[in-house]
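Trainee: Shown below is the structure under consideration.
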Amino acid sequence: PELEACRALGPRAVERLSTAMNELLDGDGLVHARYLGQYRQLVACWSRMRLLCAAVDELPWSAEMTEQADRAVVHLLRLTRADGSQALGPTGRDHAPEPKWFTAIARSTGNRSIVRLARAVAGAKVDLPSEKRVGAAANDSEWAELAILRSDWTRQAARLTVAYVDRCARSELAIGKHLLFCGESTISLRQNDRSCTMESDWEQVCWETNDDCDYLELEAEFSGGIKVQRQMMLARHDQIAYLADAIVCAEPGDLSYETSFPLSPKLEFQPAIESNEAQLGDHKPRALVLPIALPEWRSATRNGSLVADEHVLRFHHSAAQVRGLYAPMFIDLKPKRFAQQFTWRRLTVAEDRSVVPADVAAGFRVHIGNRQWLVYRSLHPGGSRTVLGHHLYSEFVLGQFTSDGTIDPLIEIE
6 PELEACRALG
16 PRAVERLSTA
26 MNELLDGDGL
36 VHARYLGQYR
46 QLVACWSRMR
56 LLCAAVDELP
66 WSAEMTEQAD
76 RAVVHLLRLT
86 RADGSQALGP
96 TGRDHAPEPK
106 WFTAIARSTG
116 NRSIVRLARA
126 VAGAKVDLPS
136 EKRVGAAAND
146 SEWAELAILR
156 SDWTRQAARL
166 TVAYVDRCAR
176 SELAIGKHLL
186 FCGESTISLR
196 QNDRSCTMES
206 DWEQVCWETN
216 DDCDYLELEA
226 EFSGGIKVQR
236 QMMLARHDQI
246 AYLADAIVCA
256 EPGDLSYETS
266 FPLSPKLEFQ
276 PAIESNEAQL
286 GDHKPRALVL
296 PIALPEWRSA
306 TRNGSLVADE
316 HVLRFHHSAA
326 QVRGLYAPMF
336 IDLKPKRFAQ
346 QFTWRRLTVA
356 EDRSVVPADV
366 AAGFRVHIGN
376 RQWLVYRSLH
386 PGGSRTVLGH
396 HLYSEFVLGQ
406 FTSDGTIDPL
416 IEIE
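Each residue of the sequence shown is one higher than the one before, counting from 6 in our numbering.
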C-alpha cells in the first residue's frame, strides 16, 4: 500500500473479493457443494485478506463480508471430522492441517466463541460455546445443495453429510472418529426387466430440524414415470441413522431396486448367519444395520439382500406387480445396545377397515433392548390409516414408543 499504484487498486480488489464471496457462498457463508474440495483454501485466503484489510485503512471490509466470512469459518468447523480432515474428502491426518491452523482461521473473526469452538474441534479440552453464540451443529442449504446432519458440536458426535450436485449424491456417515461410509451412493432400478435411467437432478423437497433429529428428503425422476424419494434422518439422543428410498411408480410392474454405499476401508462388513442384519466394525462393532424392509430371518427372505461387495454396502429389494417400493435401513450407532436383544417386523397398515397393500403404505416396528420405534411411510395418497393401533394422516412418521404405549414422534411429515 505504500506504492500509490497499488493503493489505488486496493478498493477494486476488495470489491472483486466481495463479488467472489457472493457468487461462491449461499449468503450464510456456506460454499456450493461443487466447490467443497476448495472450501478450506478459500476460507484461508479470505481470512488472510481480511487481516490485510484491517491493517490498511484505505481497504474497506464491509459488514456483509464480515458476516459471510464469520459464518464460513463456522461452516468449515461444522464440516470437520474428528481427525481434522474435511467431510466428504480424503480421510486421515495426512489430509488434516495442524490444530493451530483452525485456531488461526478462527482468530481472524475476532469472535471468542468461534475461537473456542475451533479449539474444541481441533482437540483441545475446552468448554464448547452455546449454540446461541455459534449456531446449531446441523445445517442445510438448498442453494448450496449440501446438508450437514449432526447430533452436536462435540468430536464424538454422529454426523451425516450429504451433497447432491446435479445427478450425483454423495454421503458420509460417521460416529466420533469412526467413519462408516463415504462416497457416491448409487441407485439401480429395473421395471419389467428394463433398466430405468435417472432423468433429473436431485432436488430437495424437505428439511426439518428439531431437538430430536435432523431430517432431509431428496427427490429425483427416473424413466418410466418413476420417482425416487430419498430420506435421511439422524436422531440426536436415540443415536440412530435412518436411510430409506421410496420408489413411486406411475404404473404397476415388476420392480427391482438396489442402492450402494462405499464403506470405510477401516471397517469390515459382518453379516449375521441366520438373520438379515449386519454389523460394521473394526476391532469392535461400530454400527448395527437393520434392513427392515426384509424379513428378519434369512430362511424367510425371497425378495432382497444386504451384502458387501468389494467393500461397498449393497441393499437389494424387489417386488412383483407393484406401484411402489419402500426400502429403509435402520442403523443403530450406539454400541452399548448391540449386545441387547433386537428384532423388527413389518406391520399391517389398514384404511377403512381394509388392509393397505405394501406398495401403497408401509409400517415397521423396531425393537432394540428396552426401546421400540414405529416407522410409517405412505407411498400413495389416502385418508386416515391405522398401524399398530395408531391413527395416522401423515406421509411419514418415525417415533419411539413411550411407557404408556403412545408414540413420541422424532419426525413427522404431513
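Ideal Cβ positions, reconstructed from N, Cα and C, are used throughout, including at glycine.
Tell me CYS218's beta-bridge partners as DSSP assigns them.
Mentor: The count along the sequence shown starts at 1 and reaches residue 218 at position 213. Answer is ALA240.
Trainee: Exposed or buried, GLU419, counting other C-beta atoms within 10 Å across all chains shown (16 or more means buried)?
Mentor: Against the sequence shown, residue 419 aligns to sequence position 414. By the neighbour-count rule (16 or more Cβ atoms within 10 Å), GLU419 is not buried but exposed.
Trainee: Kindly indicate which residue of ALA127, GLU72, ALA109, TYR220 has the alpha-carbon position closest to the one of ARG83.
Mentor: Within the sequence shown, the letter at position 78 stands for residue 83. When each option's Cα is compared against that of ARG83, the closest is ALA127.
Trainee: Counting along the chain, where does the beta strand (DSSP E) carrying PHE320 start and finish?
Mentor: One-based indexing of the sequence shown puts residue 320 at position 315. Element bounds for PHE320: 317-337.
Trainee: Which residues does DSSP list as the beta-bridge partners of TYR381?
Mentor: Position 376 of the sequence shown, counting from 1, holds the residue named residue 381. Per DSSP, GLY368, VAL402.
Trainee: Count Cβ pairs between the stretch 249-264 and the stretch 189-198 that sit closer than 8 Å; are there 3 or more?
Mentor: At 8 Å Cβ cutoff, the stretches touch.
Trainee: Which residue spans inside the stretch 136-200 form an unbroken beta strand (DSSP E) run of at least 3?
Mentor: Runs found: 144-146, 151-155, 163-170, 173-180, 183-189, 191-196.
Trainee: In three-state terms, what does DSSP make of LYS232?
Mentor: Taking the first residue of the sequence shown as 1, we reach residue 232 at position 227. Strand, per DSSP.
Trainee: Where does ALA292 land, buried or exposed, given buried means 16+ other C-beta within 10 angstroms?
Mentor: In the sequence shown, residue 292 corresponds to position 287, counting from 1. By the 10 Å Cβ count, ALA292 comes out buried.
Trainee: Return the CA-CA distance between VAL19 and ALA68, expressed in angstroms with no decimal places.
Mentor: By 1-based counting over the sequence shown, the position of residue 19 is 14. By 1-based counting over the sequence shown, the position of residue 68 is 63. Answer to the nearest angstrom: the Cα atoms are 13 Å apart.
Trainee: When you compare each of ALA10, PRO16, GLY15, TYR44 to LEU29 by their alpha carbons, which one comes out closest?
Mentor: Within the sequence shown, the letter at position 24 stands for residue 29. Of ALA10, PRO16, GLY15, TYR44, the residue nearest in Cα terms is TYR44.
Trainee: Below 8 Å, how does it come out for the stretch 71-83 and the stretch 38-58: are there three or more Cβ pairs, yes or no?
Mentor: Yes, the stretch 71-83 touches the stretch 38-58.
Trainee: For SER193, decide whether its Cβ has a neighbour in chain B, counting only Cβ atoms nearer than 8 Å.
Mentor: Of the protein chains in the structure, only one exists, and it is not chain B.
Trainee: Tell me which same chain residues have a C-beta within less than 6 Å of the C-beta of PRO134, skipping the five on either side of it?
Mentor: Taking the sequence shown and counting its residues from 1, the one referred to as residue 134 is at position 129. Around PRO134: SER118, ARG121, LEU122.
Trainee: Name the DSSP beta bridge partners of ALA313, please?
Mentor: Here residue 313 corresponds to residue number 308 of the sequence shown, with the count starting at 1. Paired residues: LEU318.
Trainee: With distances taken from CA atoms, which of CYS11, LEU403, GLN161, HIS395 is nearest THR411?
Mentor: The sequence position of residue 411 within the sequence shown is 406, counting from 1. If we check each option's Cα against that of THR411, HIS395 comes out closest.
Trainee: Start and end of the alpha helix (DSSP H) containing TRP66?
Mentor: Numbered from its first residue, the sequence shown carries residue 66 at position 61. Where TRP66 is concerned, there is no enclosing alpha helix (DSSP H), given that its DSSP letter is neither H nor E.
Trainee: Is GLU417 helix, strand or coil by DSSP?
Mentor: As a working mapping, residue 417 is identified with position 412 in the sequence shown. Correct three-state label for GLU417: strand.
Trainee: Taking the C-alpha atoms as reference points, what is the distance between THR407 and ARG53?
Mentor: Mapped onto the sequence shown, residue 407 falls at position 402. Mapped onto the sequence shown, residue 53 falls at position 48. Distance between the alpha carbons of THR407 and ARG53: 53 Å.
Trainee: Take the Cβ of VAL233 as the centre, count every other Cβ of all protein chains shown within 10 Å, and call the residue buried at 16 or more, exposed below.
Mentor: In the sequence shown, the residue the question calls residue 233 occupies position 228. Under this definition VAL233 is a buried residue.
Trainee: Compute the Euclidean distance between the alpha carbons of LYS271 and ASP287, then round it to the nearest angstrom.
Mentor: Locating residue 271 in the sequence shown gives position 266, where the first residue counts as 1. Locating residue 287 in the sequence shown gives position 282, where the first residue counts as 1. One C-alpha to the other measures close to 6 Å.
Trainee: Leaving out the 5 sequence neighbours to the left and right, which residues in its chain are closer than 6 Å to GLN377 when beta-carbon positions are compared?
Mentor: The count along the sequence shown starts at 1 and reaches residue 377 at position 372. These residues qualify, in order along the chain: PHE406.
Trainee: Would you kindly report the start and end of the unbroken alpha helix (DSSP H) that includes ARG45?
Mentor: The residue labelled residue 45 in the question sits at position 40 within the sequence shown. Per DSSP, ARG45 belongs to the alpha helix (DSSP H) from 44-60.
Trainee: Specify the secondary structure class of ALA251 as computed by DSSP and reduced to three states.
Mentor: By 1-based counting over the sequence shown, the position of residue 251 is 246. DSSP places ALA251 in strand when its eight states are reduced to three.
Trainee: What three-state label does DSSP hand ARG345 in the structure shown?
Mentor: Walking along the sequence shown from the start, residue 345 turns up at place 340. Per the sequence presented here, residue 345 reads as Gln, with Arg not at that position. It is coil, neither helix nor strand.
Trainee: Using the C-alpha atoms, what's the distance from GLY404 back to ASP216?
Mentor: What you label residue 216 is simply residue 211 of the sequence shown in a count that begins at 1. What you label residue 404 is simply residue 399 of the sequence shown in a count that begins at 1. Cα to Cα, the separation comes out at about 13 Å.
Trainee: By how many angstroms is the C-alpha of LEU22 removed from the C-alpha of SER193?
Mentor: Within the sequence shown, numbered from 1, the residue matching residue 193 stands at position 188. Within the sequence shown, numbered from 1, the residue matching residue 22 stands at position 17. For SER193 and LEU22, the distance between alpha carbons rounds to 43 Å.
Trainee: Looking only at its own chain, which residues have a Cβ that is under 6 Å from the Cβ of ASP157, when we skip the five neighbours before and after it?
Mentor: If you number the sequence shown from 1, residue 157 lands on position 152. These residues qualify, in order along the chain: ALA142.
Trainee: Who are the Cβ neighbours of GLU226 in its own chain at under 7 Å, not counting the five residues just before and after it?
Mentor: Residue numbering aside, residue 226 sits at position 221 when the sequence shown is read from its first letter. Hits under 7 Å: GLU204, SER205, LYS232.
Trainee: So, with DSSP's three-state summary, where would you put ILE297?
Mentor: What you label residue 297 is simply residue 292 of the sequence shown in a count that begins at 1. Three-state DSSP puts ILE297 in coil, outside helix and strand.
Trainee: Could you check where the alpha helix (DSSP H) with ALA123 kicks off and where it finishes?
Mentor: Residue mapping note: residue 123 aligns to position 118 of the sequence shown, counting from 1. Unbroken alpha helix (DSSP H) run through ALA123: 117-126.
Trainee: Going by Cα to Cα distance, which pick from ARG390, ARG328, TYR331 is closest to ASP357?
Mentor: For the purposes of this step, residue 357 is taken as residue 352 along the sequence shown, with counting starting at 1. That would be ARG390, whose Cα lies nearest to the Cα of ASP357.
Trainee: By the 10 Å Cβ neighbour count, where 16 or more other Cβ atoms means buried, how is PHE242 classified, buried or exposed?
Mentor: One-based indexing of the sequence shown puts residue 242 at position 237. As written in the sequence, residue 242 is His, which differs from the Phe given in the question. The residue is exposed, with fewer than 16 neighbouring Cβ atoms inside 10 Å.
Trainee: Across which residues does DSSP place GLU256 in a beta bridge pair?
Mentor: Residue mapping note: residue 256 aligns to position 251 of the sequence shown, counting from 1. Note: GLU256 sits in no beta bridge, so no partner.
Trainee: Is there contact here, the stretch 178-188 with the stretch 160-169, by at least three beta-carbon pairs under 8 Å?
Mentor: With a cut-off of 8 Å, the stretch 160-169 and the stretch 178-188 count as touching, because enough Cβ pairs lie within range.
Trainee: Mind checking which residues open and close the alpha helix (DSSP H) that includes VAL19?
Mentor: For the purposes of this step, residue 19 is taken as the residue at position 14 of the sequence shown. Run containing VAL19: 9-29, per the alpha helix (DSSP H) assignment.
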